[in-house]
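Structure below.
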């Protein structure tokens, strides 16, 4: 099979130039004409056939859209509302499907919360107390943390959760999970943490 010739493409939209060194000719259709009231304000880049439709559509009035296999997969409306797997609603974020959060299984007796942590499972620390420290750098307004005893040993070996001073958890520097299979869910207001 003969190799397709290399073609460099350039697309200029208003004063912005996008360039590519890859052979885009078989799959990319550049067009700055979008039907509607303001045809010159948007553009559409993608592949369109009966079998497959995949494109990115940006328009001042319609917003931003990623469309794959005949469905809108990610949409930002003109109001800034986001829809993932569906059209946006009046909610700022609307997910049309299941939602997965970052999970971290702890197998150390001492753990410091990191930026990506959301759900902390105490899974492999047996016959030992566990201490979890929340540094001030992780005090992000609106952040939620969930900590769970997965071994069912918290009544014998309590799980201590500590906020670094001057922060607190429910006005204390330390709280504990002392119930087997117990859990703690809390949120941050930007400086302190509160149990939910």
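Residue numbers (the numbering used here): 185 to 380.
We put the beta carbon where it would ideally sit given N, CA and C, even for glycine.
Predicted, not measured: the structure shown is a model, and the values here were computed from it.
Who pairs with residue i in a beta bridge, going by DSSP?
i           : result
residue 321 : Bridge partners of residue 321: none, in fact.
residue 338 : DSSP, once it has assigned bridges, lists no residue as partnering residue 338.
residue 315 : 294 and 344
residue 243 : 247
If the criterion is Cβ atoms closer than 8 Å, does the pair residue i and residue j meet it?
i           : j           : result
residue 316 : residue 331 : yes
residue 302 : residue 329 : yes
residue 274 : residue 293 : no
residue 276 : residue 268 : no
residue 295 : residue 327 : no
residue 260 : residue 280 : no
residue 339 : residue 320 : no
residue 322 : residue 361 : no
residue 263 : residue 256 : no
residue 355 : residue 325 : no
residue 349 : residue 377 : no
residue 369 : residue 353 : no
In the DSSP assignment, the beta strand (DSSP E) including residue i goes from what residue to what residue?
i           : result
residue 347 : 343 to 347
residue 359 : 358 to 361
residue 382 : Since the first residue of the chain shown is 185 and the last is 380, residue 382 is not available in this structure.
residue 251 : 247 to 252
residue 256 : 255 to 260
residue 371 : 367 to 372
residue 330 : 328 to 333
residue 132 : Lying outside 185 to 380, the shown extent of the chain, residue 132 is not represented and no answer is given.
residue 267 : 266 to 268
I think residue i touches residue j, with their Cβ atoms under 8 Å apart; what is that distance to the nearest whole Å?
i           : j           : result
residue 358 : residue 345 : 7 Å
residue 289 : residue 308 : 7 Å
residue 239 : residue 251 : 5 Å
residue 333 : residue 306 : 5 Å
Against chain C, with Cβ distances strictly below 8 Å, would residue i count as a contact?
i           : result
residue 360 : Here chain C cannot be found, since the structure has a single protein chain.
* Taking only runs of the beta strand (DSSP E) that begin and end inside the region 274 to 305, which ones reach a length of at least 3 residues, in chain order? -> 277 to 279, 287 to 290 and 294 to 296
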